[in-house]
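For the first sequence, numbering that gives the first Met the number 0 assigns the number 0 to the initial residue and increments by one for each residue that follows.
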Amino acid sequence: MNLLENATPAQREAITHHDGALMILAGAGSGKTLVITSRIARLIHDGVPPRNILAITFTNKAAAEMKERMETLLGRTSAWISTFHSMCARILRAHADRLGFTRDFIIYDTDDTRSCIKSLIKKTGLDSASFNPRVFAGIISRAKRDAITPDDFAACAYGPVEKAAAELYPQYEQALHSNNCMDFDDLLLMCRRLLRENSDILQKYADRFRYISVDEFQDTNPIQYMLARLLACKHKNICVVGDPDQTIYTWRGATLQNIFDFEKDFPGAKVIRLEQNFRSTKNILRAASELIKHNVMRKEKTLITDNPEGDEITVMESGDEQDEADNVARFIRDCVDGGCAHHDIAVLFRVNAQSRALEESMLHHNIPYTIVGTVAFYRRKEIKDILAYLRLAVNRDDAVSFTRAVNTPPRGMGRVTLGRISDIASREGVTVMDVLAGKSKESPLSKRQKQSANAFCGIIEKIRAMHDKPVTDIVMEAVRLSGYQRRLEDGRDDRADDRIANMDELINAAAEYGRQNEEATLQDFLEQVALVSDTDRWDEKADRVTLMTLHSAKGLEFPVVIICGLEEGLLPHMLSMESPDQIEEERRLCFVGMTRAMKRLALTYARRRAVSGRYHDRMPSRFLNEIPADAVDIRKTAAGEPDKTDGELDDDPGGFSGDLGFKGGDYVQHEHFGPGRIMSLQKRGRLTHARIFFEEAGERTVVLQYANLKREEGW
DNA sequence: GCCGTATAATTTTTT
DNA sequence: ATTATACGGC
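As structure tokens, this is what we get:
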């Protein structure tokens, strides 16, 4: 095979690794995707049946790409290539009965979860003014991804908010169960439970998956790692690939602990480092490397490249965000005039709100563009409204979809009546649809309401009866039956045209999905909709400039990258400025953005920016000062401002205060944990808590006064 | 009791 | 700009 032809020795070693655990620490741009794909292709080439292979990717898009590559190499494949969430959904559907669900369960997204919790708050009689569903959703989600049960949570709950959360958590679980629904965390958690409690099922999958690989391992959470370990328990052929410097999802529960644990959980695991970068110019790589060196909580790693030196990095100062967007447009123009295609260019930013000014500027300058993932398509109101009908047809128990669909458009059953319906349903132990259909003992409905209730039940039944028809037909029928379109057409919604276009787009998406998956059911389509992100819908072949968040850019590369909004408060983000850990994650995010660039990189900031309508003066990001000055070319466009670029901002990594002679960034030696480096110090009364990154033991918090730390020279 | 309109409030990143 | 709540008309 020619897979090895151009490979470096390290890559070659990874590709040819057969049995036993393997961890690949792959620096940015080191060709890791190629390596894992090649390794799997080689396994298959050497006689491993594809059905014995499981490859976990971070996004559905990455899964689709890998599948495509495999199919060009080997033809149609029966290997499982998917995200953790999709894999879990698939396993759970096959065995839902063991957990008391049916295979038709619906997957709740964050909004659904919030509505569900909101109605529980109301039902429980908690003061809904002071308790925000979002906060509880966050607390419960955090508990779930650390595998903390409602009982455990209640035992440790402290303070009014946690106490309330402890009350809501089991109710939420109960509601999900009786709605026959699972949220994103459940997919992982329930799957783990299924495998742990049913040894026959675990056996089946552990037998089947002889070779397992997990991509973007640095961004997996504890449950995901537990799942991977469970599935690998028989053959122990698990290959994880990751780069600690690219951890950008700790807010979603990702933890580097997984990387530290791996070698302990799989003794004798081979560790391979890929440190040669094939993507970026020397200049870009050097700048990114210097930046990431400012992270304290990090193992030193040096990326090298044979690529040419390349152009200097352009740093642009602008007056405000419009000015910035214009400068970006001009920069793009220059690139295009220099022979660059639009699809070679990406504009990256920290928050979705930044896309608006950029979009206007693209329109104004006539530059073709696509925005990835602003208001995710499937989360738009009109789309969710139609989906609610479809979901209800698949699963009558889904109370959240019921609440959404039943009065969209209005059917004469308002807040009060719906509250009564919900009360009766829980009192009699039936579903809300049953109450509506008059199957309960009590009914709160007036004669007139009964009529429209019947009409509504009829609509749902009609959609349900179409279950063996093509998905497109079902979606079209749902749009028609709901009366939604008609209402938009007469109504005075000034964005009616947009909404109608979006519903057409939904029908197109269903058609496209139906074409690619001929056997697909409505339920499959709904699952796809729940798990597929906007990035997955991104069409990279079109000749357009791509606008997206730094998070969405993970795993991608572009010849030209422009990162906007390098300002204190935006990158690093204001909400991440409280703790050094979070600042480091912001720095990694910036690092990820910079290392997407192959040839040209531009970084921009504005002196003023509107934040929710009000203009604020801004300071250039500290990250700009962490990039070597000789790697950049600074351009200022708007005149009349005093010079303030470098120099003025001092380079203080967090401004830690010293204590017992220790300060942030110091290298230390601990009796048990060995060598480490202090990330942060926090005074707690008389004592000082030190957050320390240990080379062997990972992140720990120790009390400085008791820890008996010794000074070290550095690693 | 329902529904539409006005007013207030609010945005990090996403499977 | 979109979305949650409040209020008044029906």
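Beta carbons: idealized from backbone N, C-alpha and C, even for Gly.
Per DSSP, residue i is paired with what?
{"i": "K719", "result": "The shown model of the chain, from 0 to 714, leaves out residue 719, and the question about it has no answer."}
{"i": "K269", "result": "L21"}
{"i": "P674", "result": "Q668"}
{"i": "C180", "result": "I105"}
{"i": "R710", "result": "V667"}
{"i": "R608", "result": "H615"}
{"i": "V314", "result": "L602, I633"}
{"i": "Q772", "result": "Nothing about residue 772 can be reported from this structure: the residues present for the chain run from 0 to 714 only."}
{"i": "Y512", "result": "None, per the DSSP bridge assignment."}
{"i": "H572", "result": "G568, L569"}
{"i": "E210", "result": "According to the sequence shown, residue 210 is Tyr rather than Glu. Answer is I52."}
{"i": "A596", "result": "F557"}
{"i": "L549", "result": "BP columns for L549 are empty, so no partner."}
{"i": "A345", "result": "T545, V560"}
Buried or exposed for residue i, going by 16 or more other Cβ atoms inside 10 Å?
{"i": "T402", "result": "buried"}
{"i": "D305", "result": "exposed"}
{"i": "L362", "result": "exposed"}
{"i": "A340", "result": "exposed"}
{"i": "L357", "result": "buried"}
{"i": "A154", "result": "exposed"}
{"i": "I237", "result": "buried"}
{"i": "E526", "result": "buried"}
{"i": "L574", "result": "exposed"}
{"i": "I303", "result": "exposed"}
{"i": "P409", "result": "exposed"}
{"i": "E299", "result": "exposed"}
{"i": "A286", "result": "buried"}
May I ask you to report which of helix, strand or coil DSSP gives residue i?
{"i": "V47", "result": "coil"}
{"i": "H615", "result": "strand"}
{"i": "D632", "result": "strand"}
{"i": "L53", "result": "strand"}
{"i": "C155", "result": "helix"}
{"i": "R251", "result": "helix"}
{"i": "V560", "result": "strand"}
{"i": "I458", "result": "helix"}
{"i": "C339", "result": "coil"}
{"i": "A146", "result": "coil"}
{"i": "R75", "result": "coil"}
{"i": "T82", "result": "strand"}
{"i": "I366", "result": "coil"}
{"i": "I237", "result": "strand"}
{"i": "F100", "result": "coil"}
{"i": "E640", "result": "The predicted model places E640 with a pLDDT of 40, which falls under 50 and marks its position as unreliable; any figure quoted below should be read in that light. Correct three-state label for E640: coil."}
If you draw a straight line from the C-alpha of residue i to the C-alpha of residue j, how long is it?
{"i": "K461", "j": "T430", "result": "19 Å"}
{"i": "I432", "j": "N406", "result": "Going by the sequence as given, residue 432 is Met instead of Ile. Roughly 13 Å between the two C-alpha positions."}
{"i": "I116", "j": "R426", "result": "19 Å"}
{"i": "R68", "j": "T36", "result": "8 Å"}
{"i": "L417", "j": "A454", "result": "16 Å"}
{"i": "I138", "j": "G252", "result": "12 Å"}
{"i": "P266", "j": "D333", "result": "54 Å"}
{"i": "G482", "j": "D384", "result": "11 Å"}
{"i": "P579", "j": "I562", "result": "22 Å"}
{"i": "I105", "j": "C180", "result": "5 Å"}
{"i": "I506", "j": "D343", "result": "30 Å"}
{"i": "N257", "j": "R329", "result": "44 Å"}
{"i": "I382", "j": "H84", "result": "22 Å"}
{"i": "L673", "j": "V667", "result": "The amino acid at residue 673 is misidentified as Leu; the sequence shows Gly. Roughly 8 Å between the two C-alpha positions."}
{"i": "D665", "j": "F259", "result": "21 Å"}
{"i": "S360", "j": "Q321", "result": "7 Å"}
{"i": "R607", "j": "Q581", "result": "24 Å"}
{"i": "L3", "j": "A40", "result": "12 Å"}
{"i": "G437", "j": "R228", "result": "49 Å"}
{"i": "R494", "j": "D472", "result": "25 Å"}
{"i": "I271", "j": "D218", "result": "18 Å"}
{"i": "D467", "j": "A62", "result": "28 Å"}
{"i": "Q223", "j": "C589", "result": "25 Å"}
{"i": "A205", "j": "G337", "result": "54 Å"}
Is the segment 36-52 in contact with the segment 68-77, if contact means three or more CB pairs nearer than 8 Å? yes
Counting beta carbon pairs with one atom in the segment 568-576 and one in the segment 523-531, are three or more of them shorter than 8 Å? no
Would you check if there are 3 or more beta carbon pairs closer than 8 Å linking the segment 263-278 to the segment 290-297? Cβ pair count under 8 Å is below three, so no.
Contact between the segment 50-60 and the segment 80-94 is defined here as three or more beta-carbon pairs at a separation below 8 Å; is this criterion met? yes
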